[in-house]
Structures are given as structure tokens and as C-alpha cells.
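Chains as they are written, first to last, in the numbering used here: chain A, 1 to 940; chain B, 1 to 497.
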């Protein structure tokens with residue numbers, strides 16, 4: 001019996017030799033004896049004779065394992081039903097280990113009770129023992145005498161290609177063909193370059209490629225550090241050599257995708273969130289008069305079943321304040337309060353909602369939610385330098401505009417995922433605005449933290465991480481699927497095989513290719529051949545305006561320089577000119593560019609990475625979507641766009657598939673998120689996880705109804721807002737009765753509206769607004785921040801105050817202190833749900849920060865300008881501005897007394913302020929107290 | 001003046017005295033809030049259950065129960081960024097003297113990440129070593145004071161890091177990953193355990209008073225994706241001790257008080273109209289805490305309360321040691337008051353001795369040795385060392401070779417970064433005092449025996465605090481994130497008492 005200890009693997013599994021180097025698994029199905037020899041005393045001769053896979057092991061596996069790892073379903077790429085497929089192993093590699101039998105994957109998974117999974121029938125002690133004895137005894141198969149065929153020990157082309165991509169194609173690939181050589185395919189390598197073919201089959205000693213690698217001429221030393229490539233290690237060289245020696249056989253381009261469907265079971269496909277939303281008729285309820293929209297019917301059904309009903313409707317001013325904050329992130333102005341109170345016609349509330357939805361402030365509020373999801377930042381992150389992303393703001397503006405324009409959600413997604421595949425932009429520097437927007441939209445896929453703008457962190461693994469973060473944002477944010485763990489292994493709880501992860505990643509390969517990387521930012525000591533990630537495209541108007549601006553400034557500079565030259569010995573004037581030139585130069589603007597993502601139509605082949613390691617490629621895969629979602633009702637097809645042959649069309653296909661009307665996840669995930677922003681908690685609480693580990697929906701039928709309503713109304717978000725906000729549910733009071741604390745303590749039934757604290761942006765923007773210091777100019781480059789010596793980060797003001805928080809530069813390491821204090825998250829890579837903390841730095845900031853004090857003073861000045869010096873009127877006006885209501889008698893008394901005291905303290909304090917001044921100072925203090933009050937910061 | 005213990009305790013609003021004050025009524029609801037926020041006790045269950053963990057409604061700093069009986073309650077991390085040279089401080093190598101000027105043997109440098117890390121000639125340590133204490137640990141002449149406390153220490157001579165540059169190596173040391181964006185050690189600890197004194201920050205950073213930030217800046221103490229309440233708060237020994245603690249503006253004290261009073265009165269009316277809203281009670285007590293913190297923080301930083309002998313022990317008043325001594329003494333005053341995690345940074349990159357190691361290393365040792373030893377002694381004498389874990393060490397050590405531009409400059413040579421093997425030490429709560437653990441190769445280039453990775457170090461620290469590194473997690477986008485990440489990790493049992 002042949003006993004090759006280190007046989008080469010069969011088909012697509014990892015190369016045994018490299019695996020050995022890593023201390024991994026080595027196995028040959030036909031003849032496995034290693035390590036068992038010393039142990040053989042523990043097994044009987046009887047074992048040796050009789051224990052075989054077919055007779056003794058397969059029946060055990062059939063009973064306990066085939067349900068998930070058999071012919072029909074092959075989770076983790078593992079099929080235990082035949083000796084061949086057993087030998088192939090699964091996505092984590094082969095099943096047996098030569099050096100120590102007990103450490104092999106099969107036995108250790110069984111022995112440690114990792115498999116079968118909890119809740120499934122387990123192996124008995126006897127069965128486990130049989131498996132161990134079989135392994136110890138050489139793991140024999142009935143057909144154990146067949147010689148290994150030549151092809152079994154062959155190194156495959158699929159072992160070679162990934163090595164060439166890792167080490168060579170930076171210079172001999174898509175962008176550059178140094179020496180005329182392209183090493184991306186076997187055929188191209190044979191065709192060779194100027195010096196002849198890269199290799200000669202069967203003749204390793206005549207193969208130029210091997211010689212250059214061996215002599216360390218390739219990859220060239222000078223490029224190594226800069227290009228993020230590492231030298232070819234000995235085991236890889238050995239693989240190349242071996243492949244050439246055996247004749248460099250070509251392998252099928254076959255990706256074995258026909259079996260993909262088997263990676264998940266039908267039962268898994270039947271999970272609620274993988275089935276399309278079902279059209280449901282709203283149920284009838286006892287209190288039909290409370291049903292304003294079908295939402296109410298669904299909610300009331302459960303409330304009534306629990307023996308409760310809705311809380312009473314909130315009073316009108318509470319509703320006004322709630323709706324205004326909800327849709328604009330700002331309080332209503334005093335005039336709006338009066339106007340709303342005076343409108344006693346039916347439909348006043350509905351008209352209010354319409355008015356708020358039409359406000360440009362709406363996009364700044366709801367766009368921000370989306371920016372959280374996308375992980376918007378004006379810096380690269382990942383490194384201490386945290387380099388600024390100069391043009392990221394264009395994407396921010398795109399998002400705000402899209403929300404204001406109520407761009408249908410399906411179009412919104414298509415543009416962000418595949419805008420570049422919709423536009424023919426390749427020639428020229430300008431595009432019409434509507435076309436340009438689609439390119440800018442792809443900035444969505446350019447938001448992940450990215451440290452590859454520096455040499456030590458521009459390695460393959462760093463790039464893969466950027467891609468992984470992006471895929472994470474797309475899958476969890478848009479589909480409620482947590483795919484991240486499948487980068488290294490099949491998802492433990494959800495039907496997301498590891499193969500799915502790589503199929504999904506392949507969808508992005510046309511633009512996101514770790515072997516064809518584009519550098520986010522220029523940097524020192526950059527590889528001379530690296531390419532940049534900006535498109536110098538803009539609208540004709542912007543380009544012209546920029547050009548004119550530059551020309552004017554440059555002309556002035558030239559004139560000054562000419563004067564300088566002609567100048568004889570006039571030092572004063574010379575210095576003057578120098579200063580003027582300097583200030584003019586500072587006015588020059590960077591050339592307009594966009595930070596987009598675009599398909600280059602030449603994706604590298606996608607191999608699975610075992611355990612997420614690019615050095616351990618597994619099978620070749622096609623681009624595709626998660627197989628659990630591919631049965632019949634959601635077809636997926638990739639069609640390269642017509643206008644440009646060089647596009648892969650993969651992301652466009654993804655986008656179109658995602659936005660099918662009956663997609664099981666897209667609409668549900670989105671309406672759930674919108675619901676959360678209105679009601680504080682989602683119908684599915686885990687916004688980013690609609691899988692098994694997510695929370696089941698509290699109102700599954702309502703979720704489906706909302707999803708279908710949303711899609712049927714043209715994916716219009718504003719329609720959805722109207723449906724939700726005009727419901728009786730939304731108009732409830734936020735008061736909590738004792739009975740509710742017993743029956744609905746967590747408010748999962750929505751027996752009331754939740755009270756909430758303003759979020760970070762609402763706190764800052766509202767204070768600015770009521771102080772009359774909010775500069776409402778939208779869009780454009782972000783506002784800079786200043787960092788005080790003690791670490792306080794503040795936004796720099798404009799001429800007329802400060803702009804809204806969404807327009808402040810979002811540098812990951814320099815977030816404005818007030819926003820961070822009120823829970824603005826750092827984007828790593830994004831934020832699915834903000835937290836809400838109650839910490840001491842919040843009162844400390846609002847009580848002691850100089851800017852807040854100044855703003856309180858501005859509010860006091862505003863009061864005087866609006867109602868003069870009457871204390872009573874001032875108090876009333878202050879309440880109206882800050883709290884959207886008039887004060888109660890008790891509040892007026894407290895305020896008046898407090899103002900008197902404050903005034904006196906100022907007069908008699910160390911500074912002995914004059915009467916008039918004290919009066920104003922006291923008013924400012926009162927305003928600051930209002931800003932600090934719970935009535936201001938919490939919304940009923 | 002030394003304040004009696006009872007006084008310190010009265011400054012603290014611990015869970016216990018919260019109970020005793022329930023009668024006030026004011027705290028009753030806040031207490032409900034606290035109890036309902038005691039979510040941590042369930043996290044073991046969550047970790048093993050694999051069910052979707054329920055996140056708390058509010059993240060706060062109230063003290064939480066650890067997973068198991070802790071050995072230490074709080075941590076002082078002497079974060080010696082820059083790379084203290086192990087072969088000149090704790091890990092003497094006679095071979096360096098013998099082979100001074102020779103190239104290092106190739107087989108010892110084979111794991112070098114950069115080619116540069118193999119070049120250069122070996123350089124003997126210019127400093128004398130001798131053995132100290134019962135343990136007989138070798139300590140160089142640069143650390144005479146630490147040498148006297150050597151029996152308190154567990155010296156780990158087999159640490160290693162994964163990157164030879166400061167930035168990534170420091171990120172690794174702080175957060176377990178070589179890049180920013182992951183929560184740091186102090187954030188994980190305060191996330192897991194909260195803090196004992198609600199009137200002071202839970203995680204205090206005592207950085208260089210010149211306000212030049214250490215390498216990696218504020219990212220040394222950012223909480224990343226765990227809520228910002230768990231990030232480090234820089235405190236200063238002079239001026240305003242922490243951000244926004246005192247008004248940025250001038251106003252009479254009576255005005256400050258009246259303003260607070262007005263907020264409190266408005267809030268009480270507001271709250272009384274809204275029953276069953278614990279978050280409003282929590283908010284009111286939060287404003288009260290803010291007021292108390294102004295006093296407590298100012299007081300905690302008042303070194304005048306310390307006796308002259310105590311100050312001298314730390315080297316306060318001496319030119320070289322005054323700054324670091326003050327900060328070490330502050331650290332003691334903070335842990336004494338129940339602060340969970342205190343982190344000290346040296347001035348600039350003082351341990352980064354690329355040049356003239358004779359002088360530059362001597363200088364930073366002179367600045368820190370006496371204060372550090374004073375801290376250990378002071379903690380011990382006050383009985384605080386049993387419950388305080390003190391950590392000393394950098395992100396890496398240094399190579400045993402000389403770093404100099406040419407042969408003429410060997411006299412003023414320094415050493416380059418050495419991540420492959422370096423020394424750090426722990427002392428205090430739960431640490432087996434007088435231990436020497438692990439070793440480097442003959443030239444001190446790489447650790448070879450009982451190697452300790454950064455995540456082993458992290459897990460050991462968590463363990464001493466009663467936390468299991470696998471069970472302390474934060475659910476993020478469906479993944480359970482941990483300080484030790486996916487790395488293979490082991491608690492270094494051998495240095496535990």
C-alpha cells in the first residue's frame with residue numbers, strides 16, 4: 001500500500017505543502033497511515049482488518065451529519081457522503097491530520113461537541129470511539145488499493161494563478177505589462193513578453209519566471225515595500241515549479257457553482273425574512289374609531305389582546321414639537337407655533353406634516369441617518385494621520401438632496417451601488433449635473449476607513465479589510481444580513497456559507513480589486529506606478545467657474561511676480577508683494593474632482609480565502625448573491641451595460657436585484673429603520689440583523705404591510721412618513737401610566753409614544769437656532785474645526801453664525817466635543833444605531849462651555865429685540881422659542897424670582913455690574929438654564 | 001495634610017451609599033435606574049447563550065459585577081511609550097559585551113519584519129547591572145529606586161509586539177489591533193466594570209502637562225465603537241483639571257449656584273408632570289453629579305493635602321522628577337478615590353532612544369525611576385497595592401544593535417525599535433510578586449521562552465480584574481467584538497499570586 005505522507009490534494013482544496021508549512025491538515029484518502037504507527041498498540045488487529053469508511057463510518061455520518069453535509073445540502077462546502085467528497089474536505093480544509101489524529105478537523109469537531117450543532121442528535125460515545133479507532137488505524141477506505149492517479153497529485157492552475165496575482169500582476173497585469181508580459185492567465189504567460197514566454201511547460205530550468213523569482217529579481221526589491229508586495233516565499237516557488245514540471249496543465253474555469261444551491265437547506269430558505277413580504281389585510285379592532293391608518297389596526301390588535309389600548313392623543317403643541325424635531329431636527333419657530341394653533345380647520349396636522357416634509361431642513365435631518373449607515377467621514381481613518389478626504393462632502397450633499405427630493409428608494413440604492421454603470425463618463429472632464437450625481441452617489445462605497453494611503457499599511461490584507469468593511473455596510477445596512485463572519489468561515493447561525501461571502505465580494509471586484517488597487521490619497525514615498533482614486537469630472541458650470549477663478553488669481557500673481565522682478569532694492573515693497581502672493585495663492589482652489597467608485601471591467605478572478613487568509617486560496621467562485629435568496633422568485637443575472645463593453649455590470653445587477661419590488665429584505669429593512677427613527681425602536685429591534693440572531697419582529701404583519709405599502713407607492717419615503725405620522729399611534733401622549741409599566745414595560749406594544757433626548761445634532765443645532773446664530777446655508781466643503789489646547793474641538797463660525805452639524809468636518813479623530821458628548825459616534829466603519837448615554841460631561845458642557853454661554857447671551861439679546869425689557873414678556877417669549885409653549889404660572893413665578901436673584905448677584909458680585917448690565921446678564925443666565933433644562937432637551 | 005480615609009469615602013457616591021440615601025426620595029428612582037442598568041451580571045449568560053444580547057437602554061459608569069472574584073479593583077498603567085530598552089534596564093545580556101561590534105547571528109534575527117532590523121552591529125549595554133531583593137532580579141544602575149521595589153514586581157522578559165513602528169505597535173498595545181478604530185484597554189475595563197466613584201471620571205489620562213500629545217494623540221484613549229462614556233478623560237494637574245469642569249467665563253459664585261438651582265427647579269416641575277420616566281431621574285442625578293465632580297475633581301488634584309515626606313517619596317520638588325512625581329501621586333489619589341483606570345504618559349517620546357542611549361536613556365530613567373518606585377511604596381504602605389494593579393512598559397523594546405550613522409558615532413549610538421522581544425512588568429493586586437517570567441535569546445533580540453503576546457497581556461490584566469477576555473464583548477454589526485479579538489490568547493497563570 002502506498003503511503004505518501006505528503007500527498008498533494010485533489011481538485012480545489014488547499015495545497016497540502018503550503019498547508020503543512022502552516023501546520024495545517026494533510027490527508028490522503030486512499031492511504032493515510034502517518035502518526036498512527038506508534039499508536040497502533042491501542043487498536044486491535046481486528047480494527048485494522050475491518051474498520052473502513054464505507055462499512056463503519058459512513059453509516060454514522062449518514063445518521064448524524066448528512067442532513068447538512070450530504071448530497072443534497074452541503075453546508076460549509078462539506079459533503080461527507082462519498083469517499084471522494086470526504087477526502088476533499090470543506091471550506092476549512094481537510095478533515096484528517098496526519099501528525100496527530102485527534103487534532104484532525106473531523107474528530108476535534110465531534111469530540112468537542114461543536115458538531116452536530118446543539119439541538120441535533122449527537123454521536124454516542126460508542127460511535128465517537130469508532131471514529132477515533134478508524135482514524136488511529138489509518139482511516140482506511142474500501143477502495144484503498146487504487147493508486148493515486150497523476151491528476152490527484154497535480155498542482156492545479158488554480159494553485160498558481162493566485163500566487164501570480166499576489167506577487168506579479170502589479171507590474172505584469174491589468175495596468176502595466178512590464179516587458180510586454182501579462183501574467184494574469186496561463187495563456188498570457190505562455191505567450192510571454194519581450195524576453196519570451198514566462199515559462200516552458202515541463203521545463204522548469206528553462207522558465208524565465210522561476211529564474212527571476214529565484215534570483216530575487218522579481219518582484220523587484222525597490223518596489224516591494226512601496227507596492228505592498230512581499231517576496232515570494234519558498235513554498236510558493238515550489239508550487240510554481242511543480243506545476244511547470246508536470247506540464248503546466250490548465251484547469252477548467254469551472255467554478256463548481258452548480259452545487260452552490262446545496263450550501264443551504266430548504267428549511268433555512270423558509271425563514272421568515274428570506275421569504276417575500278406577504279400582503280396582509282389589516283385586522284379589525286374593537287376600537288375602530290382609533291384606526292386612522294392601517295398601522296393602527298395592526299398595533300391595536302395586539303394592544304387589545306393585552307387588555308390595553310392607545311394612550312390619549314398628545315396636545316397639539318406637543319405634537320407640533322414632536323413632528324418638527326422628528327422631520328427637521330429643530331424646534332418650531334414661534335410663528336409656526338402661533339400659525340399651527342390658529343389653524344383650526346380639519347387637516348391642520350396633515351398640512352403641518354406636508355409643510356415639514358417640504359422644508360430643506362428635512363434632508364439635513366434624515367440624510368444624517370443615512371450618513372450614519374453609510375459611515376460618512378471626511379477622513380480616511382485607520383491610521384493616526386487620519387488624512388482628510390477632500391471631496392467626500394459631495395456624497396453628503398447628494399444624500400441630503402436625494403432625501404429632500406424624495407428620490408425613490410430603489411433609484412437611490414441603484415445610484416449608490418452602481419451609479420457609475422448608469423453613466424457614460426469615460427471621455428471628457430464634464431458631465432451634466434444629473435449624470436454627475438450618479439457618479440457622486442457611488443461615494444457610498446468609498447466611505448469605509450481606508451489606511452492604504454501609506455506604505456506599511458497598503459498590503460493585501462489592508463485592502464481586503466477596506467473591501468470587507470464596505471461589504472459589511474452593504475449587507476448589514478441594506479439587507480439586514482451579517483455577512484462579515486463568513487469572510488473566514490460559514491456563518492454559524494444564518495445560512496450564509498463562506499462561499500456566499502466571496503461570491504458577494506466578487507460583485508464589487510470590477511471596482512474593488514485587492515490586486516488592482518487604487519490609492520485613496522497621494523502620499524510620500526508612494527509607489528510611482530500607483531493610481532489615484534479621484535475622477536476629474538464635474539459639471540461644465542463648475543469647471544468654468546473654477547477655471548475663471550483660478551485664471552483671475554493666477555493673473556494677479558503673475559502681475560505681482562513681474563513687478564517683483566522689475567523691482568530694484570525696495571525691500572518694503574518686495575516683502576509686501578511676497579505677502580500678497582502668499583495670500584493670493586491661498587485663494588487658489590483645488591481642481592474639482594469627485595470621489596467615486598467605478599468599474600474598470602477587468603476584475604481579477606475571485607478565490608475563496610480559507611480562514612480569510614489571502615495566502616490560502618480555496619475554490620474559484622463566480623459573482624453572485626447569497627444563495628439563500630436565489631430560489632426562483634428572486635432571479636439574479638448579470639448583464640454588462642451596452643454603452644461600455646469594459647464594464648462588468650455586476651454591481652448594476654446587484655442593485656437591480658436588490659430593488660425588485662418583492663425582495664424579501666430590502667424594503668423590510670428600510671421601513672424598519674424608518675420606523676425606529678419615529679418610534680425609538682424597530683419592529684425588528686436589531687436593525688442590521690434580520691437573521692436568526694436578530695430579534696424577531698414584534699409585529700410581523702405590520703412590517704410586511706409597511707414594506708408593501710412603501711414599494712407600491714413608488715418607494716417614496718415621504719409617503720411612508722405621512723402614513724406613519726398621521727397614525728393614531730404616532731399622535732399618542734408619551735405619558736406612562738402605572739398600568740403600562742406592568743403590561744407594556746418596554747413599550748413593545750406601543751401603548752404610548754416614547755419620550756426621547758435630543759440627539760447630538762439636535763442639541764447643537766437647536767441651541768444655535770434659538771440663539772439666532774444658525775447659518776442655514778447648505779452644502780459645500782465642510783466647515784473646519786479648531787482644537788483648543790485642552791482638547792476641546794469646536795466648529796469654526798461663518799460670518800453669520802455656525803452651520804448645521806451635518807456640515808462640520810467629520811474627521812474621525814477630531815469630532816466636535818459637544819457632538820461627541822451627546823453620543824455622536826466615531827464611524828468604524830459605520831453606525832447602525834446610536835447609543836444614548838447620560839454622562840456628567842453633558843451637564844458640564846452645557847453649564848461651563850464658553851460657546852454655550854455666548855449663545856445663551858445671544859438668545860437673551862434676541863428676547864430684548866423681540867419683546868423689549870418686560871420681564872414677564874421675556875419669560876413667555878423664551879419659553880415659546882425654546883420649548884414651543886407658554887410657561888405655567890408656577891414656571892413664571894420661579895423664573896421671575898430667579899431673574900431677580902441673578903440680577904442682584906451680578907450687581908453685588910466681584911465685578912459689581914451696573915444695573916442695566918446685570919439685568920441683561922441675568923436674562924442670559926436664565927436662557928442658559930432653559931437650554932440646560934430637561935424640558936428643552938427631552939422631546940415628549 | 002493627609003486626609004483620613006473616611007473623608008475620601010464620603011466624597012464617593014458608591015452604590016452602597018446610594019442605598020443609604022434612598023430615603024431622600026431623589027435617589028429612589030435613580031436607584032431603580034441603576035439596578036435596571038445592572039445588565040452586566042447577565043453577560044456571561046449572553047456570551048454562552050448565543051442569543052441576541054440585549055443592549056442596555058442607557059450606558060453608564062455605575063459599578064458592575066465582574067465575571068468572577070477579582071484580584072484587583074483598579075489599574076494604574078504607566079504607559080512608557082517609545083520603547084524602553086530591555087537590554088539596558090531589566091534583561092542583561094553578557095553576550096552583548098562579548099560580541100560587542102559583531103553582527104548579530106542570522107538565525108536569531110530571522111523573524112525580522114524589516115530587513116533593517118537585521119543590520120548593524122551588536123552593542124554592549126553601557127550600564128552596570130546587579131541583582132536585587134529576594135528574587136535576585138537583575139536591574140540596571142539606571143533604576144536604583146525601582147530596584148529597591150523589585151520584590152513587588154512580576155517582570156515579564158518575553159513580551160513581543162507585531163510591528164516595529166510606533167503608531168501600529170501602540171495601537172496594538174492599547175486596543176489589540178495595529179490600527180485605530182477599536183476600543184482601548186481602559187475603555188474595555190470601564191465598559192465591563194464601571195467605576196467606584198461617580199464624582200470622578202472612570203478612566204483618567206494623565207498626559208504630559210505641556211499638552212503635547214503622545215504618539216497617536218487622543219486615539220490612545222478613544223472608545224471607538226463602545227459608547228463614548230467609556231473613553232479616557234485627560235486630567236491636568238494645574239489649571240482646569242478636566243474639560244469643561246469650570247466655566248470658560250467669569251461669573252459670581254452665587255450666579256453659578258442660582259443657575260443650577262433654576263435648572264433643578266424647572267426639572268422637578270417637568271419631572272413631576274411625567275411619572276414613570278426613570279431617564280428623567282437619571283438626568284437630574286447626573287446634574288447633581290456634575291456639581292459634585294467639580295468639587296471632587298478639584299480636591300483629588302490638590303497635592304497640598306499630602307505630607308512633605310509623601311511628596312518627597314515621589315521626588316516632588318526635585319528638578320528631574322517633579323512632573324512625573326506629581327502625576328504618580330495624582331494616580332494614587334485617584335485610585336484611592338475609586339477611579340477604575342488611570343493612565344500615565346511620559347513626556348514626549350522620551351523612551352525612544354535612537355541616539356546617544358547613554359544620555360537619553362539615563363535622562364528618562366532619572367525622571368521616572370524615583371516617582372514610580374515612590375508610587376509602589378506609597379501604595380504598599382497604604383494597603384492599596386493589594387487592590388491596585390500597576391503596569392509598566394512600552395509598546396516594544398529596542399534592538400540589541402547599535403544605531404549610528406557611521407562608525408565614528410558609535411559612542412553616541414542609540415538603539416532602534418525592537419518589537420521581537422522586550423520587558424514589561426506588573427505589580428500589585430493578584431500579581432505574584434518577585435517573579436521573573438520568560439526570556440529572550442542570548443542577545444536579547446527576540447523573546448524565546450514563554451513568549452507573551454499583547455493579547456496575552458490584555459487577557460491577564462482582565463483576568464486580574466475578574467473579567468474573562470472571551471466573555472467581555474460588545475455586539476457590533478452582528479459580531480461579538482473583544483479586546484483580544486480572534487487571536488489565540490492565554491492568561492499568564494504563572495505570574496498570578
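For every residue, glycine included, the Cβ atom is placed at its ideal position computed from N, Cα and C.
Quick check: the Cα distance between residue i and residue j, rounded to an integer number of angstroms?
| i | j | result |
| --- | --- | --- |
| residue 762 (chain A) | residue 819 (chain A) | 9 Å |
| residue 32 (chain A) | residue 105 (chain A) | Residue confidence is low: residue 32 (chain A) scores 33 on pLDDT, short of 50, so the model does not pin down where it sits. Its coordinate-derived value is still stated next. If you take the alpha carbons of residue 32 (chain A) and residue 105 (chain A), they lie about 15 Å apart. |
| residue 359 (chain B) | residue 86 (chain B) | 16 Å |
| residue 428 (chain A) | residue 175 (chain A) | 21 Å |
| residue 125 (chain B) | residue 88 (chain B) | 6 Å |
| residue 257 (chain B) | residue 411 (chain A) | 56 Å |
| residue 771 (chain A) | residue 884 (chain A) | 14 Å |
| residue 710 (chain A) | residue 585 (chain A) | 52 Å |
| residue 181 (chain B) | residue 474 (chain B) | 14 Å |
| residue 846 (chain A) | residue 931 (chain A) | 8 Å |
| residue 1005 (chain A) | residue 318 (chain A) | Chain A is shown from 1 up to 940; residue 1005 (chain A) falls before or after that span and cannot be answered. |
| residue 291 (chain A) | residue 717 (chain A) | 22 Å |
| residue 379 (chain B) | residue 392 (chain B) | 15 Å |
| residue 388 (chain A) | residue 782 (chain A) | 11 Å |
Would residue i be called buried (16 or more neighbouring beta carbons within 10 Å of its own) or exposed?
| i | result |
| --- | --- |
| residue 332 (chain B) | buried |
| residue 113 (chain B) | exposed |
| residue 103 (chain B) | exposed |
| residue 4 (chain B) | For residue 4 (chain B), the predicted structure reports a pLDDT of 48, less than 50, and the residue's modelled location is therefore unreliable. A value from the coordinates is still provided. Exposed, by the Cβ-count rule. |
Measure the beta-carbon distance from residue i to residue j and round it to whole angstroms, keeping in mind my assumption that it falls under 8 Å.
| i | j | result |
| --- | --- | --- |
| residue 827 (chain A) | residue 376 (chain A) | 7 Å |
| residue 539 (chain A) | residue 422 (chain A) | Rounded, the Cβ-Cβ distance is 17 Å, inconsistent with contact. |
| residue 724 (chain A) | residue 678 (chain A) | 5 Å |
| residue 216 (chain B) | residue 167 (chain B) | 6 Å |
| residue 199 (chain B) | residue 292 (chain B) | 4 Å |
Based on Cα-Cα distance, which residue from the options lies nearest to residue i?
| i | options | result |
| --- | --- | --- |
| residue 495 (chain A) | A:263, A:459, A:308 | A:263 |
| residue 360 (chain A) | A:804, A:561, A:860 | A:804 |
| residue 938 (chain A) | A:119, A:322, A:793 | A:322 |
| residue 872 (chain A) | A:852, A:854, A:850, A:900 | A:900 |
| residue 499 (chain B) | B:492, B:247, B:491, B:463 | A query on residue 499 (chain B) cannot be resolved here, the shown segment of chain B reaching from 1 to 497 and no further. |
| residue 372 (chain A) | A:890, A:594, A:425, A:806 | A:806 |
| residue 283 (chain A) | A:289, A:329, A:294 | A:294 |
| residue 812 (chain A) | A:801, A:824, A:802 | A:824 |
In its own chain, which residues sit with a C-beta less than 6 Å from the C-beta of residue i, not counting the 5 before and 5 after it?
| i | result |
| --- | --- |
| residue 201 (chain A) | 247, 248 |
| residue 299 (chain A) | 729, 750 |
Who are the near neighbours of residue i in its chain, counting only those whose CB is closer than 7 Å to its CB and skipping five residues on each side?
| i | result |
| --- | --- |
| residue 469 (chain A) | 448, 449, 829 |
| residue 442 (chain B) | 93, 95 |
| residue 452 (chain A) | 458, 462, 463, 466, 517, 519, 520 |
| residue 764 (chain A) | 805, 818, 819 |
At a CB-CB cut-off below 8 Å, which residues of chain E make contact with residue i?
| i | result |
| --- | --- |
| residue 485 (chain B) | Chain labels in this structure do not include chain E; the protein chains are A and B. |
Apart from the five residues just before and just after residue i, which ones in its own chain have a Cβ nearer than 8 Å to its Cβ?
| i | result |
| --- | --- |
| residue 106 (chain B) | 118 |
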